[in-house]
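Some notes on the structure that comes next.
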Amino acid sequence: MKISVVVPAFNEEKTIILLLTQVNKILNDKFFNDFEIIVVDDGSTDFTNKLLLENKKLYTNLITLSKNHGKGFAIKKSLEVCNGEIVIIQDADLEYSPEEYPRLVVPFDKFQADVVYGSRFKSSELNRVLFFWHSIANKIITLLSNIFSDLNLTDVETGYKAFRKKTITNIILTEKSFGIEIELTHKLANIKPKLKFFEVGISYNGRTYDEGKKIGIKDAFRAIYCIIKFGLIHKYLT
Numbered sequence: 013m014k015i016s017v018v019v020p021a022f023n024e025e026k027t028i029i030l031l032l033t034q035v036n037k038i039l040n041d042k043f044f045n046d047f048e049i050i051v052v053d054d055g056s057t058d059f060t061n062k063l064l065l066e067n068k069k070l071y072t073n074l075i076t077l078s079k080n081h082g083k084g085f086a087i088k089k090s091l092e093v094c095n096g097e098i099v100i101i102q103d104a105d106l107e108y109s110p111e112e113y114p115r116l117v118v119p120f121d122k123f124q125a126d127v128v129y130g131s132r133f134k135s136s137e138l139n140r141v142l143f144f145w146h147s148i149a150n151k152i153i154t155l156l157s158n159i160f161s162d163l164n165l166t167d168v169e170t171g172y173k174a175f176r177k178k179t180i181t182n183i184i185l186t187e188k189s190f191g192i193e194i195e196l197t198h199k200l201a202n203i204k205p206k207l208k209f210f211e212v213g214i215s216y217n218g219r220t221y222d223e224g225k226k227i228g229i230k231d232a233f234r235a236i237y238c239i240i241k242f243g244l245i246h247k248y249l250t
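Quick note: the sequence shown uses this note's numbering, first residue 13, plus one each step.
Shown next as structure tokens:
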């Protein structure tokens, strides 16, 4: 079972090499050589691209974008070239540990899962305390998303999403930024016959804004907009 890890990165000079080193270690330890790592430098203006070019052994393929488009666009570009059976989305900021890969992959092998989300709210593992309003916003967004997707997720905004590559073959992704989390969820949920969704508890080491966190209040409003767009308009009115 070949694993494709896709890594969208924007101005992550502080973490990108450490992250890729950890990804390689866990993949080599657990999945031998049957994996690939696709990195998308999403128009970084710091030394991210320079570091990547100096450390080519840490990835299989590097896609360099001339300007910043957003996480969704970067993921879309990576999906165009990856060829693993299972795709894992890995943020470059180390909020999500590659040590969780075995936990994410188990449902595919053991229960024939189609989609597996890593939930920050189902875990007994170590979790850094979230901002209060981030936590509230996440729960509201997850509830609204569940209503329109008919899923029972606990963490729709999680950065750890894994799925069988074949499930997204005919899906056209349009969201360029963080709205991709909602779009991907709803388009996967709408596939007939229904896909098998699983959640597993994961650890989480969230960053503060001083440490480089990028998602903000405008992204929460965009998520709600995407729930209406993909959960209501696209599903029932088109």
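The C-beta atom is built at its ideal place from N, Cα and C for all residues, glycine as well.
My output table needs one value for phenylalanine 209: the three-state DSSP class, helix, strand or coil. Residue mapping note: residue 209 aligns to position 197 of the sequence shown, counting from 1. Taken through DSSP and simplified to helix, strand or coil, phenylalanine 209 comes out as strand.
Spatial neighbours of glutamate 97 in its chain, beta-carbon cut-off 7 Å, leaving aside the 5 residues before and after: Here residue 97 refers to the residue found at position 85 when the sequence shown is read from its first residue. Annotation for glutamate 97: Met13, Lys14, Arg176, Lys177 place their beta carbon closer than 7 Å to its own, counting only its chain and skipping 5 residues before and after.
Environment of glutamate 24 [buried if 16+ CB atoms lie within 10 Å]: The residue you call residue 24 lines up with position 12 of the sequence shown. Buried.
Roughly how far, in whole angstroms, is the beta-carbon of valine 35 from the beta-carbon of isoleucine 50, given that I think they are within contact range, below 8 Å? For this step, residue 35 is matched to residue 23 along the sequence shown. For this step, residue 50 is matched to residue 38 along the sequence shown. Not a contact, Cβ separation roughly 11 Å.
Exposure label - threonine 154; buried when at least 16 CB within 10 Å: As a position in the sequence shown, residue 154 is number 142, starting the count at 1. Note on threonine 154: 16 or more other CB atoms within 10 angstroms of its CB, so buried under the neighbour-count rule.
So for serine 78, helix, strand or coil by DSSP? Here residue 78 refers to the residue found at position 66 of the sequence shown. DSSP places serine 78 in coil when its eight states are reduced to three.
Per the DSSP calculation, tyrosine 129 is bridged to which residue(s)? For the purposes of this step, residue 129 is identified with residue 117 of the sequence shown, where counting begins at 1. Lys173, Glu211, per the DSSP bridge assignment.
Just the C-alpha distance for lysine 208 and glutamine 124, rounded to the nearest angstrom, thanks. One-based indexing of the sequence shown puts residue 208 at position 196. One-based indexing of the sequence shown puts residue 124 at position 112. Whole-angstrom Cα-Cα distance: 8 Å.
Residue of Val168, Leu185, Asp46, Thr76 minimising C-alpha distance to threonine 60: Within the sequence shown, numbered from 1, the residue matching residue 60 stands at position 48. The closest CA to that of threonine 60, considering only Val168, Leu185, Asp46, Thr76, is found on Thr76.
Going by the DSSP bridge assignment, what does aspartate 288 pair with across the sheet? No answer is possible for residue 288: it lies beyond the span of the chain, which begins at 13 and ends at 250.
Using 10 angstroms around the beta-carbon of phenylalanine 190, count the other beta-carbons present and answer buried if the total reaches 16, otherwise exposed. Locating residue 190 in the sequence shown gives position 178, counting from the first residue. So phenylalanine 190 ends up on the buried side.
Distance, Cα to Cα, aspartate 105 vs lysine 204? Within the sequence shown, numbered from 1, the residue matching residue 105 stands at position 93. Within the sequence shown, numbered from 1, the residue matching residue 204 stands at position 192. Each residue's Cα considered, the two are about 34 Å apart.
Status (buried if at least 16 other CB within 10 Å, exposed otherwise) for isoleucine 229: Translated into positions along the sequence shown, residue 229 becomes position 217. Flag for isoleucine 229 reads exposed.
Using only the alpha-carbon positions, how far apart do asparagine 269 and aspartate 58 sit? For the chain, the structure presents residues 13 to 250; residue 269 sits outside this window and is missing.
To which residues of the same chain is asparagine 158 closer than 8 Å at the C-beta, ignoring the five residues directly before and after it? Reading the sequence shown from its first residue, position 146 is the one you call residue 158. Excluding sequence neighbours, asparagine 158 sits near Asn164, Leu165, Val168.
Apart from the five residues on each side of it in sequence, which residues of its chain come closer than 6 Å, Cβ to Cβ, to phenylalanine 120? The residue you call residue 120 lines up with position 108 of the sequence shown. Apart from the 5 residues on each side of it in sequence, phenylalanine 120 sits with its Cβ closer than 6 Å to the Cβ of Ile98 in its chain, given in chain order.
If you reduce the DSSP assignment to three classes, tell me which class tyrosine 221 lands in. In the sequence shown, residue 221 corresponds to position 209, counting from 1. Summary for tyrosine 221: the model assigns pLDDT 48, below 50, so the residue's position carries little reliability; its value from the coordinates is reported in the next sentence. Three-state result, tyrosine 221: coil.
Taking Cβ to Cβ, would you say valine 19 is nearer than 9 Å to aspartate 103? If you number the sequence shown from 1, residue 19 lands on position 7. If you number the sequence shown from 1, residue 103 lands on position 91. Going by C-beta atoms, valine 19 is nearer than 9 Å to aspartate 103.
Lysine 173 and isoleucine 100 - do their beta-carbons sit closer together than 9 Å? If you number the sequence shown from 1, residue 100 lands on position 88. If you number the sequence shown from 1, residue 173 lands on position 161. Yes, the pair counts as a contact, with Cβ atoms nearer than the cut-off.
What separation, rounded to the nearest whole angstrom, lies between the Cα atoms of glutamate 92 and threonine 72? For the purposes of this step, residue 92 is taken as the residue at position 80 of the sequence shown. For the purposes of this step, residue 72 is taken as the residue at position 60 of the sequence shown. Between glutamate 92 and threonine 72, the C-alpha separation is close to 14 Å.
Shortest alpha-carbon distance to serine 95 belongs to which of Ile180, Ile245, Glu187, Phe233? Here residue 95 is taken as the residue at index 83 of the sequence shown, counted from 1. The identity of residue 95 in the sequence shown is asparagine, whereas the question assumes serine. For the residues Ile180, Ile245, Glu187, Phe233, the minimum Cα distance to asparagine 95 belongs to Ile180.
As a quick exercise: from Asn217, Ser78, Ala232, Glu111, pick the residue whose alpha carbon is nearest that of asparagine 40. Locating residue 40 in the sequence shown gives position 28, counting from the first residue. Nearest in C-alpha terms to asparagine 40, of all of Asn217, Ser78, Ala232, Glu111, is Glu111.
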